[in-house]
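Engineer: Chains L and R, in that order, give the protein sequences. So for the first sequence, my numbering puts the first residue at 1; every next one is plus one. So for the second sequence, my numbering puts the first residue at 341; every next one is plus one. Submitted below is the structure of interest, expressed as structure tokens.
Number of protein chains: 2
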Amino acid sequence: MDNINLKMLAKELNLAVSTVSRALRDSYEISQETKDRVRALAEKLGFQPNPHASSLRQHKSKTIAVILPEIENNFFSQVMNGVESIAQEKSYHVLIYLTHEDYNKEKNFLQLLRNGRVDGLMISFSNTTANFEHLEACKNAGIPIVMFDRVSDKIDLPKIITDDAEISFEATEHLLKKGCKRIAFLSISGTLSITSGRKAGYLKALEKSKIKHTPLVAECSPYDEQNRQTIRKLLQKNPRPDAIFAAVEKLAINTYEVCNELGINIPGQLKVVGFSNSQAAALFNPSLSTVVQPAYDIGRMACSILFKIIEKKMLLPNEKKLVLRSKLEERCSTTRGHKL
Amino acid sequence: MDNINLKMLAKELNLAVSTVSRALRDSYEISQETKDRVRALAEKLGFQPNPHASSLRQHKSKTIAVILPEIENNFFSQVMNGVESIAQEKSYHVLIYLTHEDYNKEKNFLQLLRNGRVDGLMISFSNTTANFEHLEACKNAGIPIVMFDRVSDKIDLPKIITDDAEISFEATEHLLKKGCKRIAFLSISGTLSITSGRKAGYLKALEKSKIKHTPLVAECSPYDEQNRQTIRKLLQKNPRPDAIFAAVEKLAINTYEVCNELGINIPGQLKVVGFSNSQAAALFNPSLSTVVQPAYDIGRMACSILFKIIEKKMLLPNEKKLVLRSKLEERCSTTRGHKL
DNA sequence: CTGTTAGCGCATTCAC
DNA sequence: GTGAATGCGCTAACAG
Chain L
1 MDNINLKMLA
11 KELNLAVSTV
21 SRALRDSYEI
31 SQETKDRVRA
41 LAEKLGFQPN
51 PHASSLRQHK
61 SKTIAVILPE
71 IENNFFSQVM
81 NGVESIAQEK
91 SYHVLIYLTH
101 EDYNKEKNFL
111 QLLRNGRVDG
121 LMISFSNTTA
131 NFEHLEACKN
141 AGIPIVMFDR
151 VSDKIDLPKI
161 ITDDAEISFE
171 ATEHLLKKGC
181 KRIAFLSISG
191 TLSITSGRKA
201 GYLKALEKSK
211 IKHTPLVAEC
221 SPYDEQNRQT
231 IRKLLQKNPR
241 PDAIFAAVEK
251 LAINTYEVCN
261 ELGINIPGQL
271 KVVGFSNSQA
281 AALFNPSLST
291 VVQPAYDIGR
301 MACSILFKII
311 EKKMLLPNEK
321 KLVLRSKLEE
331 RCSTTRGHKL
Chain R
341 MDNINLKMLA
351 KELNLAVSTV
361 SRALRDSYEI
371 SQETKDRVRA
381 LAEKLGFQPN
391 PHASSLRQHK
401 SKTIAVILPE
411 IENNFFSQVM
421 NGVESIAQEK
431 SYHVLIYLTH
441 EDYNKEKNFL
451 QLLRNGRVDG
461 LMISFSNTTA
471 NFEHLEACKN
481 AGIPIVMFDR
491 VSDKIDLPKI
501 ITDDAEISFE
511 ATEHLLKKGC
521 KRIAFLSISG
531 TLSITSGRKA
541 GYLKALEKSK
551 IKHTPLVAEC
561 SPYDEQNRQT
571 IRKLLQKNPR
581 PDAIFAAVEK
591 LAINTYEVCN
601 ELGINIPGQL
611 KVVGFSNSQA
621 AALFNPSLST
631 VVQPAYDIGR
641 MACSILFKII
651 EKKMLLPNEK
661 KLVLRSKLEE
671 RCSTTRGHKL
């Protein structure tokens, strides 16, 4: 029941603790014979070195942390998948923290990570995060950090992002090309980098268009019912928007729900395009045109770069700010159709 | 840059290390004045105790591990969300490990957890897991363990599951009631508890029905394209099944994809019901009838019970095997309709 | 109420 | 090649 440790192995083998330690770590100073004996016994007893002891001793934990706003979201779960794939290659452990869009939680988590618990961390900010002292504190403590997706330019740290403004411009132009004249933009509240990027792309496309209608921007929340209410109001305006660009997956879903409820036909009366990483978007009624982010790759890249920092390798210039490209998938929710 | 530690605080305050340690942990033996002084300085310097040192000393890590087959799946991400909510209440850290349905990875992960890295662990088996020695080893090492969803009766450990057989019986009867006469059952391969439970419910419903057709069982894989191929073959049989019961979310999605491809009308030519925890199932074309599992609650319960074990509290008899109820959501993919 | 001392289990000097 | 001794940073037992 009590865990075996080096001391027990050493006693059993009539060796010194240090010899056993070295043998297990394949030190060149140890004879093959001794290594074999030691390993055989370790194997037999299922010896597993105590990670806290070696972390304490070596000042490294073989652990990284990922701080996310939420996990019930295809984007973030795909990111996690990517992160984990790299961590597994490196035999690292992964701690996961969910802020639920709460700055205070984010702050507390970062505080807990400030003393050796992890060798590095990756973060995507909550939408209530307005200052970055908590991250600065970790940075100053010397912890390797990578930001991804929801990042900040106010901190000098590597970031992995996507081409939010460009792809949003493209998505909005796509709607314009389909004949839309009153396009609404739905996003989560806050001053998130992705929100402003996506909004900028939307505004730029409107600006560039002949129509130049007043932008219709609605800020949403993390709560489905609240968002449906916001969307209901938006769609009951007169004149009604003829398109919605949802900057976040769940808002596209909420839009569909409200349209079903109000009997608004997509794409006849309203065209919809939304950010989404769900395979199921193609199965919606009608199939949803989406902006797909390379979520898995974001996770892999962010984690790879984190390891480069941990291993004190030099970062290439483009690795300090890596921009991956999203893709617009045109489907039936934006097809040109007769109004019903 | 160098982290502050108790020794530095003690020196600065002209106190003994142990006094500082006790003050920070609010020991009753320390005077209020000293506590205040210590805390003020600790606060000022942003002191955070080294977790490895205290874990080593106290033989506890304030960390639990969750071992999952995958995360890109609404069921598991909701479970994670539930787990995390409890862990956060307890101020515990959460390590996540993804087996990707690979027994060897599962085995390696468990091995890494066998020496103090975590205070407890939760696991849902991979579908390639056929023996449980790896878990037994952890159990014998005295690590608190809870199994959830994909569990095994071969090990005497607390399990949180859902009423797979009952709800599958109900789902199959639902299809029968809608007039289906050749119902196929799609599940992932392996000897998973959930697979056999769901299959048993399906078989029992067929058995009980007047029709008693030969069961149509198709085993699928983790690979979308392979599964679509399996489903294609199934749907090109003559006579063709008139219903599919998908025991796992992604297989329902694959079914829709194949139907779109082959021009098979749902629910006209084929009715579909699938396990799914996706909010978006209601937006499918047609909306998908689903078996919804209480995933978030599974996560919360599993984690709560794990903490009861960690805290050495007695488990109530029903906490050793807790069965939560799933719910059948009837939607358009199973409405009675004229064949096209 | 506070200080001294002794490890937790491991990796790393430094001896021999 | 191997062993003995030291300390990572913290907590706890024992004094006083």
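Ideal Cβ placement from N, Cα and C applies to all residues, glycine included.
Could you pull out every residue in the same chain whose Cβ sits closer than 8 Å to the Cβ of L340/L, ignoring the five residues on either side in sequence?
Structural biologist: In this prediction, L340/L scores a pLDDT of 47, lower than 50, which makes its location untrustworthy; the coordinate-derived value is nonetheless stated afterwards. Within the same chain, L340/L has close Cβ partners N265, G268, Q269.
Engineer: Under the assumption that G299/L contacts N14/L (Cβ atoms under 8 Å), give the Cβ distance between them as a whole number of angstroms.
Structural biologist: 48 Å between Cβ atoms; not a contact.
Engineer: How about A16/L: is its C-beta nearer than 8 Å to some C-beta of chain R?
Structural biologist: Cβ-Cβ to chain R under 8 Å: no for A16/L.
Engineer: Starting from the N-terminal side, write out each stretch of the alpha helix (DSSP H) that is 4 residues or longer and does not extend beyond the region 569-628 of chain R.
Structural biologist: Segments of the alpha helix (DSSP H) lying fully in the region 569-628 of chain R: 589-602.
Engineer: Considering just the uninterrupted stretch of the beta strand (DSSP E) at E329/L, what are its terminal residues?
Structural biologist: Segment 327-329, the beta strand (DSSP E) holding E329/L.
Engineer: Counting only beta-carbon atoms, is A586/R nearer than 8 Å to chain L?
Structural biologist: Output row for A586/R: interface = no.
Engineer: Going along the chain, which residues of its own chain have a beta-carbon closer than 8 Å to the beta-carbon of A16/L, five neighbours each way excluded?
Structural biologist: So the qualifying residues of the chain are A10.
Engineer: Establish whether the CB of S8/L and some CB of chain R are separated by less than 8 Å.
Structural biologist: Residue identity check: residue 8/L is Met in the sequence provided, not Ser. Answer no: the Cβ-Cβ gap between M8/L and chain R never drops below 8 Å.
Engineer: Can you tell me whether A218/L is helix, strand or coil according to DSSP?
Structural biologist: Three-state result, A218/L: strand.
Engineer: May I ask you to report which of helix, strand or coil DSSP gives H433/R?
Structural biologist: It is a strand residue.
Engineer: Using a Cβ cut-off of 8 Å (strictly closer), state whether A393/R contacts chain L.
Structural biologist: Judged by the 8 Å Cβ criterion, A393/R is in contact with chain L.
Engineer: Could one say the Cβ of F284/L lies closer than 8 Å to chain R's Cβ atoms, at least one of them?
Structural biologist: Cβ-Cβ to chain R under 8 Å: yes for F284/L.
Engineer: Distance check for A40/L and I145/L, CA to CA, integer angstroms please.
Structural biologist: Spanning the two alpha carbons is a distance of roughly 40 Å.
Engineer: Go through its chain and collect everything with a Cβ distance to F47/L's Cβ below 7 Å, but skip five positions before and after it.
Structural biologist: Within the same chain, F47/L has close Cβ partners I4, L9.
Engineer: What does DSSP give as the partner residue(s) for V146/L in the beta ladder?
Structural biologist: Paired residues: M122/L.
Engineer: In whole angstroms, what is the alpha-carbon distance linking M462/R and F148/L?
Structural biologist: One C-alpha to the other measures close to 29 Å.
Engineer: Please go through the region 144-223 of chain L and give each complete beta strand (DSSP E) segment of 3 or more residues, from N-terminal end onward.
Structural biologist: Correct list: 145-148, 159-162, 183-188, 216-220.
Engineer: How many angstroms separate the CA atom of I523/R from the CA atom of P581/R?
Structural biologist: In a straight line, the C-alpha of I523/R is about 6 Å away from that of P581/R.
Engineer: By the DSSP assignment, the beta strand (DSSP E) with I407/R in it spans what residues?
Structural biologist: Unbroken beta strand (DSSP E) run through I407/R: 403-408.
Engineer: If the cut-off is 7 Å on Cβ atoms, which residues from the region 370-399 of chain R count as contacting chain L, listed in chain order?
Structural biologist: Taking 7 Å as the Cβ-Cβ cut-off against chain L, the residues of the region 370-399 of chain R that qualify are G386, Q388, P389, N390, P391, H392, A393, S395, L396.
Engineer: What first and last residue would you give for the beta strand (DSSP E) that runs through L475/R?
Structural biologist: Careful: L475/R lies outside any beta strand (DSSP E), inside the alpha helix (DSSP H) at 473-480.
Engineer: How would you label L656/R, buried or exposed, when you count the other beta carbons within 10 angstroms and need 16 or more for buried?
Structural biologist: So L656/R ends up on the exposed side.
Engineer: With a threshold of 8 Å between beta carbons, is Q576/R in contact with chain L?
Structural biologist: It does not; no Cβ of chain L falls within 8 Å.
Engineer: Hey, out of E219/L, V66/L, L24/L, whose CA is closest to L113/L's CA?
Structural biologist: The shortest Cα separation from L113/L among E219/L, V66/L, L24/L belongs to V66/L.
Engineer: Is there a Cβ from chain R that is less than 8 Å from the Cβ of M80/L?
Structural biologist: Judged by the 8 Å Cβ criterion, M80/L is in contact with chain R.
Engineer: According to DSSP, is L322/L part of a helix, a strand, or is it coil?
Structural biologist: In this structure, L322/L counts as strand in the three-state DSSP scheme.
Engineer: Beta-carbon of Q229/L versus every beta-carbon of chain R: anything under 8 Å?
Structural biologist: So no, Q229/L is outside the interface.
Engineer: What separation, rounded to the nearest whole angstrom, lies between the Cα atoms of A545/R and F509/R?
Structural biologist: Cα to Cα, A545/R sits roughly 5 Å from F509/R.
Engineer: Which value, in whole angstroms, describes the spacing of the CA atoms of S466/R and Y432/R?
Structural biologist: Between S466/R and Y432/R, the C-alpha separation is close to 25 Å.
Engineer: Work out the CA separation of N50/L and V458/R for me, nearest whole Å.
Structural biologist: Approximately 11 Å, taken between the alpha carbons.
Engineer: Can you name the residues of chain L whose CB is closer than 9 Å to the CB of G456/R?
Structural biologist: Near G456/R (Cβ distances below 9 Å), the residues of chain L are N3, Q48, N50, P51, H52, A53.
Engineer: Given this structure, state the Cα-to-Cα distance separating K208/L from T674/R, to the nearest angstrom.
Structural biologist: Computed Cα separation, rounded: 47 Å.
Engineer: With DSSP as the reference, identify every bridge partner of T290/L, one or two as the case may be.
Structural biologist: Answer by DSSP bridge pairing, in chain order: G274/L, E329/L.
Engineer: Should L283/L and I593/R be called a contact, given that it needs their Cβ atoms to be closer than 8 Å?
Structural biologist: Going by C-beta atoms, L283/L is nearer than 8 Å to I593/R.
Engineer: On the premise that V588/R lies in contact with I528/R, defined as a C-beta separation below 8 Å, what is that separation, rounded to the nearest angstrom?
Structural biologist: Yes, I528/R and V588/R are in contact; Cβ-Cβ is about 6 Å, under 8 Å.
Engineer: Determine, using beta carbons only, whether A130/L and T214/L come nearer to each other than 8 Å.
Structural biologist: Taking 8 Å as the Cβ cut-off, A130/L and T214/L do not qualify as a contacting pair.
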